[in-house]
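Peer 1: 12 is the number of the first residue of the sequence shown in the working numbering; add one for each residue after it. The structure is given below, and queries will be raised subsequently.
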Amino acid sequence: MRTSAEYFSDLMKLKANVYVAGERVRRDDPRIMPGIRVMSVTFDLAQNPDWEDLMTATSPLIGKRVNRFTYPPQNPYDLMQKQKMIRLLAQRVGGCIQRCMGCDTIVGLSICTKEMDEKYGTDYHSRFLNFLKGYQENDLTAAAAQTDMKGDRTKRPHEQPDPDAYVHIVDVRSDGIVVRGAKISITMAAYADEIIVIPTRAMTEKDRDYAVAFAIPADWDGVRLITRPAWIRERKQLEAPLAEYGVSESVVVFDNTFIPKERVFMCKEWEFGRRLALLFADSHRHSYTGCKPAVSDILCGATALVAEANNIEGIPHVRQKLSEFAGGGELSYAAGIASALYGEKTSSGTFFPNAIYVNVGRRLMGETIYHEYNILTEIAGGLSVTLPFEEDFSADPTKQDLDKYIKRNPKLSSEEQHRIWRLVENIGASAMAYWYQIAGVHGGGSPIMETITLNAEYDYESKKNIARYLAGITKDLDQSKYLKEEPTF
Ligand SMILES: Cc1cc2nc3c(=O)[nH]c(=O)nc-3n(C[C@H](O)[C@H](O)[C@H](O)COP(=O)(O)OP(=O)(O)OC[C@H]3O[C@@H](n4cnc5c(N)ncnc54)[C@H](O)[C@@H]3O)c2cc1C
């Protein structure tokens, strides 16, 4: 497995195809570094013996310990370890650990390539497994490029006035394909080794050129990354782990890009567009049952701490509001565990979480994210947006003023209170706060996508039958499906 230093040195070997604010930059640009530091945590902890069981797993493919982010889960335990790993890592970096996206793409491809081969007799699965071998051996990271520009939202890919609104195949050659289009909002593309492209939606036969999946190195010829980094306002003196981390999203442009055949995992199999999109999305929603509880943990911790600074921690309305964090975060986490226990072994060997549980777990957190920020704001008061700059806490004569007046709870030092307020400003009133709110709603798909999945998969008929039975309309309460359903241990 790579160390974080090796990961960074490999990034530095990539061609400069990243553009930020009108200039072409190297990957060590200071605006990109906060995201690289997040990724480094996933390498550092994998080297730590105390974290070995959580951060690594033995790959049946290469017979070695590999970073868990490169490993498709094989059983419910693996799914639960992945969820727990994401929660604990997300707590350490202040929110999004980012590397799960590549992992969820690999999960989706491991299952879908096998199913396509079973239906069409193609060789996508062996191509994918060859790619995965290298991915695991070299401990790589990947951005998941699913979301297309999409153009007019009411039109299908082939109906768009601009045919490039969705990434599509423009040429098929004996040695590969040529693609054009752009993916948007792609987290960590600027500091990923690989970019993995998958479809964003269901396709019809007329959309077949848009049914495409592949992986390419992030600096591949014909790929441009137009990157928007986000990070917390730099600290001047008051160092804190939270201020080290950040994120970047990119528009990934494919400019008539050649993709070698061995890296193509779907080429016009339009019937599987929906399947692959959903496999990624549901696996990613399982990841969310780890990271969204972590965001809730961070908001809960900050709220409890600022309540202490305000000396109102024991007041009943504060206790009541704090319990709401436990209600949301732990219910979502429990849904992730249930999804592992009621998951299924697919023909590829990958163990996949139960779709109902991951979708209800993810939807709950999407619905409560703004409410959780509201609790923090309500308990904290307004100082998070009016706090004087850090320099005024260290320069004369304002230092004396602020040291005196920042104190609310006499048991805490002025510096502790300043640190708490700076944290609340960073978490609740910064560019990153908005990033987390909007990621909480749309990351992994808009709320409507969870509703669509639930309505497709949830068994409303069996619920109606309960009502019919209780109403005396039928004498038959058929519960055989539920009697047969067993959790996997
Ligand atoms: C912080 C962040 C990180 C992200 N990271 C990634 C990433 O790493 N990889 C990736 O692939 N994506 C990523 N995304 C993208 C994310 O998956 C999308 O934002 C999400 O799927 C919604 O798509 P959209 O933003 O294009 O919104 P839209 O699709 O434009 O949705 C906006 C609204 O329009 C509605 N709508 C859309 N189509 C229709 C229709 N046909 N009929 C009626 N209503 C419609 C939707 O329901 C929604 O209410 C990220 C997003 C965020 C916010």
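Yeah, the Cβ is synthetic: ideal placement off N, Cα and C, and Gly gets one too.
(1) So C107 and V258 are in contact, right, with Cβ under 8 Å, and what is the actual spacing, rounded?
(2) Tell me whether E260, by its Cβ, gets closer than 7 Å to a heavy atom of ligand 1.
(3) With 16 other CB atoms within 10 Å as the buried threshold, where does V371 fall?
(4) When burial is assigned at 16 or more other CB atoms within 10 Å of the CB, is Y493 buried or exposed?
(5) Given this structure, state the Cα-to-Cα distance separating I237 from I209, to the nearest angstrom.
(6) Going by alpha carbons, who is nearest to N321 out of E402, D266, S424 and E355?
(7) Buried or exposed: L413, going by 16 or more other Cβ atoms within 10 Å of its Cβ?
(8) Using the three-state DSSP reduction, which class does G257 fall into: helix, strand or coil?
(9) Out of V77, V275 and E402, which has the shortest C-alpha to C-alpha gap to Q248?
(10) Could you check if A229 belongs to the surroundings of ligand 1, using beta carbon to heavy atom distance under 7 Å?
(11) For S350, which option in Y88, D61, R37 and V52 has the closest C-alpha, if you only look at C-alpha atoms?
(12) Taking the alpha-carbon positions, what's the G119 to D407 distance?
(13) Quick one: give me the first and last residue of the alpha helix (DSSP H) that Y353 is part of.
(14) Taking only beta-carbon positions, decide if K217 is within less than 8 Å of chain C.
(15) State the DSSP-derived secondary structure class of N141, mapped to helix, strand or coil.
(16) Could you tell me whether the Cβ atoms of N78 and T53 are closer together than 8 Å?
(17) List the endpoints of the continuous alpha helix (DSSP H) containing Y177.
(18) Span of the beta strand (DSSP E) holding L5?
(19) So A224 is in the beta strand (DSSP E); what residue range does that whole segment cover?
(20) With a threshold of 7 Å (Cβ to nearest heavy atom), would K161 be considered close to ligand 1?
(21) Please list the terminal residues of the continuous alpha helix (DSSP H) segment that includes L236.
(22) Whether or not the stretch 356 to 374 and the stretch 463 to 474 are in contact is what I'm after, with contact meaning three or more pairs of Cβ atoms, one per stretch, closer than 8 Å; do they touch?
Peer 2: Put simply:
(1) Between V258 and C107 the Cβ distance is about 6 Å, and since that is below 8 Å, they are a contact.
(2) The answer is yes for E260.
(3) With 16 or more other Cβ atoms within 10 Å, it is buried.
(4) A residue is called buried once 16 or more other Cβ atoms fall within 10 Å of its Cβ, and Y493, having fewer, is exposed.
(5) A direct Cα-Cα distance of roughly 19 Å separates I237 from I209.
(6) When E402, D266, S424 and E355 are compared, the shortest CA-CA separation from N321 is found for S424.
(7) Classification for L413: buried.
(8) Three-state DSSP puts G257 in a strand.
(9) It is E402 whose Cα lies nearest to the Cα of Q248.
(10) A229 Cβ: outside cutoff for every heavy atom of ligand 1.
(11) Shortest Cα-Cα distance from S350 to any of Y88, D61, R37 and V52 involves Y88.
(12) Near 58 Å, if we compare the C-alpha coordinates of D407 and G119.
(13) Where Y353 is concerned, there is no enclosing alpha helix (DSSP H), because DSSP gives it neither an H nor an E.
(14) No chain C appears in this structure, which consists of one protein chain only.
(15) Here N141 sits in helix by DSSP.
(16) Yes.
(17) Element bounds for Y177: n/a, residue is neither H nor E.
(18) Only positions 12 to 500 of the chain appear in the structure, and residue 5 is not among them; the question remains open.
(19) First-last of the beta strand (DSSP E) with A224: V223 to P228.
(20) K161 Cβ: within cutoff of ligand 1.
(21) Secondary structure note for L236: it is in no alpha helix (DSSP H), and the uninterrupted beta strand (DSSP E) holding it is V234 to W242.
(22) Yes, they touch.
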